[in-house]
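1284 is the number of the first residue of the sequence shown in my numbering; add one for each residue after it.
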Amino acid sequence: MNIVVLHDLKGAELIVNFDNVNAAIRRKPDENSVIKTPFTKLFYAHRDMTMGAMGFPDTVQETPDEIYKLIGKKK
């Protein structure tokens, strides 16, 4: 699995899986947001809409770096 964690000039983290062209970007809510805790938004090249994938999240609490480490543990 070809995964890269990128950091932009504002300090945001972005993780990209080049095998499936999936991405996850860290979002930090501002003072006007209803959601107060930071989260990671997941993006998919194509979404599996079968019954088995219905519980798969669009957002997670882990940072892109934590996601990368979790993937490394499964290898």
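Ideal placement from N, C-alpha and C gives every residue a C-beta, glycine not left out.
>> Within 8 Å, do at least three Cβ pairs link the segment 1294-1303 to the segment 1312-1321?
In response: Output reads no: the segment 1294-1303 does not touch the segment 1312-1321.
> Looking only at DSSP bridge pairs, what is residue 1324 linked to?
Replying inline: For the purposes of this step, residue 1324 is taken as the residue at position 41 of the sequence shown. Residue 1324 pairs with 1308 and 1342.
>> Can you look up residue 1296 in the DSSP assignment and give me helix, strand or coil?
In response: Numbered from its first residue, the sequence shown carries residue 1296 at position 13. In the structure shown, residue 1296 sits in a strand (DSSP, three-state: E or B).
>> Using C-beta distances below 8 Å, list every residue in its chain close to residue 1343, excluding the 5 sequence neighbours before and after it, in chain order.
In response: For the purposes of this step, residue 1343 is identified with residue 60 of the sequence shown, where counting begins at 1. Cβ neighbours of residue 1343 beyond the five flanking positions: 1307, 1322, 1323, 1325 and 1350.
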